[in-house]
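This report concerns only the one structure given below.
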Amino acid sequence: APGSTAIIGAGIAGLACARHLQAAGGSVTLFDKARGPGGRMASRRLGEAVVDLGAQFFSVRDAAFRSEIERWQRAGVVARWPTSSWQAGPEGWSRHDDGRPRWCGAPRMSAVTRHLAHGLELRCATRIASLDHREDRWWLVDAAGQRQGPFAWVVIATPAPQARALLAAHEPALADACDQVIQRPCWTGWVLFDRPLPSLPDVEDGWQALRLAEGPLRFVARNQTKPGRDDQGESLSLLARLEWSRVHLEEAAEAVACQLLDAFRDSLPTGTRLPEPVARGAHRWRYAQPDVFAAGEPVNRDYRRASTGLALCGDAWRGPRIEDAWLSGHHLGEALVHQPTLT
Ligand code: FAD
61 APGSTAIIGA
71 GIAGLACARH
81 LQAAGGSVTL
91 FDKARGPGGR
101 MASRRLGEAV
111 VDLGAQFFSV
121 RDAAFRSEIE
131 RWQRAGVVAR
141 WPTSSWQAGP
151 EGWSRHDDGR
161 PRWCGAPRMS
171 AVTRHLAHGL
181 ELRCATRIAS
191 LDHREDRWWL
201 VDAAGQRQGP
211 FAWVVIATPA
221 PQARALLAAH
231 EPALADACDQ
241 VIQRPCWTGW
251 VLFDRPLPSL
261 PDVEDGWQAL
271 RLAEGPLRFV
281 ARNQTKPGRD
291 DQGESLSLLA
301 RLEWSRVHLE
311 EAAEAVACQL
321 LDAFRDSLPT
331 GTRLPEPVAR
341 GAHRWRYAQP
351 DVFAAGEPVN
361 RDYRRASTGL
371 ALCGDAWRGP
381 RIEDAWLSGH
391 HLGEALVHQP
401 TLT
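Counting from 61, one number per residue, gives the positions in the sequence shown under our numbering.
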């Protein structure tokens, strides 16, 4: 394994990389600016309810990721969801099922990343502001001016714009690569009700997830139907369309929450009466979804610099899903294990 490694960002990519390095005997320290790990697999507790604010579920295509999901399933931190998925369009609601199994963190999306963080050295509430490279060693300078280090390798596992800010002074070529990735924003609204939504005519066996073909909203999840949450009341996650989010990016969260709830109301069959919400809000993700192919960049390019000991991982370098982010971190971990230690 390489010498000591610092990983900036404890989302699923940074955690996957860290676990691989630690299992191979490496010494790893993770840093995250947030209060806990998870990044965009975030969940928030609101009274008795837990709502997922970022990713709502995930699917699997790759064999290595499939094996990992089996391990998570054995650990009890994921389960299948949804079982009843619908699509709302101009013609009304129709069943939407492509047969692809989907998964969800249980009893909250962040259960997966908490599980992965277990046993790793993780320093939360530590925003890394700059990097310092001297005598073949890296030092990290946090927002409070504290120096952390030295490390032989630094892995930056953040969205591309945040990675760019850290590495521009050291690796102009990697900064250029960051510029090729457009990381698009997304608003997620949430709303709590004190009683269940009315059942809808023609929507047999209820609904758990709803796609919307047009308007400000693109996806609605009923959080209490997710695995492990049947003790909580009705709560919705309302995911805005990316283009709508871009246009409304600087609006107040309350105004955004109202518009997303109105869009949901409009998608319901005429005459459906929603109960009054007891709470609502919205979370702004500035770097929600990477457009990896924006500049025709090849996927899976190698974003390592053995000469200085700097590497990048995260969904920005592979594709816009949890699976891509995990694979990106996992493969980087595999590659770093075979790097000679920089001594
Ligand atoms: P992140 O999770 O963003 O982790 C990066 C971490 O770096 C963060 O924790 C951040 O706090 C930290 N950080 C950043 N800068 C610094 C710094 N300077 N110092 C210290 N720490 C720093 N994927 C799916 O598969 N299915 C879905 O349904 C789905 N829906 C989504 C819905 C939304 C609203 C969003 C936002 C994303 C969705 N995704 C979905 C995408 C999925 O969440 C991401 O692809 C994945 O979580 C990215 O993981 P990551 O580790 O690459 O990055």
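Built from N, CA and C at the ideal position, the CB exists for glycine as well.
The model shown is predicted, which means the values in this text are computed figures rather than measured ones.
How big is the Cα-Cα spacing for residue i and residue j?
i	j	result
residue 180	residue 221	26 angstroms
residue 78	residue 371	13 angstroms
residue 343	residue 337	17 angstroms
residue 198	residue 87	14 angstroms
residue 85	residue 216	20 angstroms
residue 108	residue 232	48 angstroms
residue 390	residue 285	31 angstroms
residue 315	residue 341	9 angstroms
residue 384	residue 188	24 angstroms
residue 138	residue 282	17 angstroms
residue 403	residue 145	Low local confidence applies: a pLDDT of 44 at residue 403 is under 50, so the model's placement there is unreliable, with the coordinate-based value given in what follows. One C-alpha to the other measures close to 54 angstroms.
residue 238	residue 376	8 angstroms
residue 103	residue 164	12 angstroms
residue 74	residue 213	13 angstroms
residue 67	residue 124	22 angstroms
residue 211	residue 99	23 angstroms
residue 268	residue 261	15 angstroms
residue 207	residue 200	6 angstroms
residue 293	residue 270	18 angstroms
residue 69	residue 374	9 angstroms
residue 311	residue 323	16 angstroms
residue 166	residue 159	21 angstroms
residue 170	residue 117	11 angstroms
residue 272	residue 325	12 angstroms
residue 95	residue 184	5 angstroms
residue 250	residue 295	7 angstroms
Is residue i near the ligand FAD, in the sense that its beta carbon is under 8 angstroms from a heavy atom of that ligand?
i	result
residue 104	no
residue 381	yes
residue 240	no
residue 363	no
residue 188	yes
residue 342	no
residue 248	yes
residue 129	no
residue 170	no
residue 345	yes
residue 295	no
residue 160	no
residue 100	yes
residue 222	yes
residue 117	yes
residue 219	yes
residue 349	yes
residue 287	no
residue 259	no
residue 232	no
residue 324	no
residue 91	yes
residue 299	yes
residue 388	yes
residue 329	no
residue 122	no
residue 84	no
residue 372	no
residue 205	no
residue 74	yes
Could you give the DSSP three-state label for residue i: helix, strand or coil?
i	result
residue 74	helix
residue 256	coil
residue 80	helix
residue 238	helix
residue 395	helix
residue 378	coil
residue 103	strand
residue 39	Outside the displayed range of the chain (61 to 403) lies residue 39, so it cannot be described from this structure.
residue 212	coil
residue 64	coil
residue 328	coil
residue 335	coil
residue 267	coil
residue 224	helix
residue 204	coil
residue 387	helix
residue 90	strand
residue 232	helix
residue 196	coil
residue 321	helix
Where in the stretch 117 to 189 do unbroken runs of the beta strand (DSSP E), each at least 3 residues long, occur, reported from the N-terminal end onward? 138 to 140, 145 to 149, 152 to 155, 163 to 165 and 181 to 183
For a minimum of 4 consecutive residues, which ranges assigned as the alpha helix (DSSP H) are wholly contained in the stretch 290 to 318? 302 to 307
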